[in-house]
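Quick look at the structure:
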């Protein structure tokens, strides 16, 4: 009788632990800001940052430039988006300068030179 009670208690504790662990992982995954890149129909790339599936930033063009030019490739869009995301996570001003963006571009569009 005592062994059955211990098994039931251990099983109950294990189940409770697994539920708490799964809930914690779900909250961590769903609540933080996420970076996503996308390809534009006209060619070029952009990025967006979402929190809980709600769009915080939609950036189809290279920020800090006078002209509206999309990112030349996914790597460039992801690099600039990652810089912005890091600043959001640190609760800093997430605006970027022309020099910071230029340093992250893998290839420079003609209109950005």
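In the numbering used here, the protein residues as written are 51 to 163.
Ideal Cβ placement from N, Cα and C applies to all residues, glycine included.
In angstroms, rounded to a whole number, what distance separates the CA positions of residue 71 and residue 145?
Position 21 of the chain shown, counted from the start, is the residue given in the question as residue 71. Position 95 of the chain shown, counted from the start, is the residue given in the question as residue 145. Each residue's Cα considered, the two are about 36 Å apart.
Distance between beta carbons of residue 83 and residue 100, contact taken as under 8 Å
Translated into the one-based positions of the chain shown, residue 100 becomes position 50. Translated into the one-based positions of the chain shown, residue 83 becomes position 33. Their Cβ separation, rounded to whole angstroms, is 7 Å, which keeps residue 100 and residue 83 in contact under 8 Å.
Span separating the alpha-carbon of residue 95 from that of residue 63
To locate residue 95, count along the chain shown from 1; it is residue 45. To locate residue 63, count along the chain shown from 1; it is residue 13. Each residue's Cα considered, the two are about 49 Å apart.
What's the C-alpha gap between residue 153 and residue 125?
The residue given as residue 153 occupies position 103 in the chain shown. The residue given as residue 125 occupies position 75 in the chain shown. Going from the Cα of residue 153 to the Cα of residue 125 covers about 12 Å.
Close-in-space but distant-in-sequence residues of the same chain around residue 135 (CB under 7 Å, 5 per side omitted):
Along the chain shown, read from residue 1 onward, the residue named residue 135 stands at position 85. 83, 85, 99, listed in sequence order.
What's the gap between the Cα of residue 150 and the Cα of residue 73?
On the chain shown, residue 150 is found 100 positions in, with the first residue counted as 1. On the chain shown, residue 73 is found 23 positions in, with the first residue counted as 1. Rounded to the nearest angstrom, the two C-alpha atoms are 38 Å apart.
My understanding is that residue 97 touches residue 130, with C-beta atoms under 8 Å, so please give their C-beta distance in whole angstroms.
The residue labelled residue 97 in the question sits at position 47 within the chain shown. The residue labelled residue 130 in the question sits at position 80 within the chain shown. At roughly 7 Å, the Cβ-Cβ gap stays under 8 Å, so residue 97 and residue 130 are in contact.
Considering Cα atoms alone, identify which of 55, 133, 102, 110 is closest to residue 122.
Within the chain shown, the letter at position 72 stands for residue 122. Cα-wise, what sits closest to residue 122 is 110.
Report the CB separation of residue 87 from residue 127 in whole angstroms; it is logged as a contact under 8 Å.
For the purposes of this step, residue 87 is taken as the residue at position 37 of the chain shown. For the purposes of this step, residue 127 is taken as the residue at position 77 of the chain shown. Indeed, because the Cβ distance is near 5 Å, the residues count as touching under 8 Å.
Determine whether the beta carbon atoms of residue 140 and residue 115 lie at a separation below 8 Å.
In the chain shown, the residue the question calls residue 140 occupies position 90. In the chain shown, the residue the question calls residue 115 occupies position 65. No. Outside cutoff.
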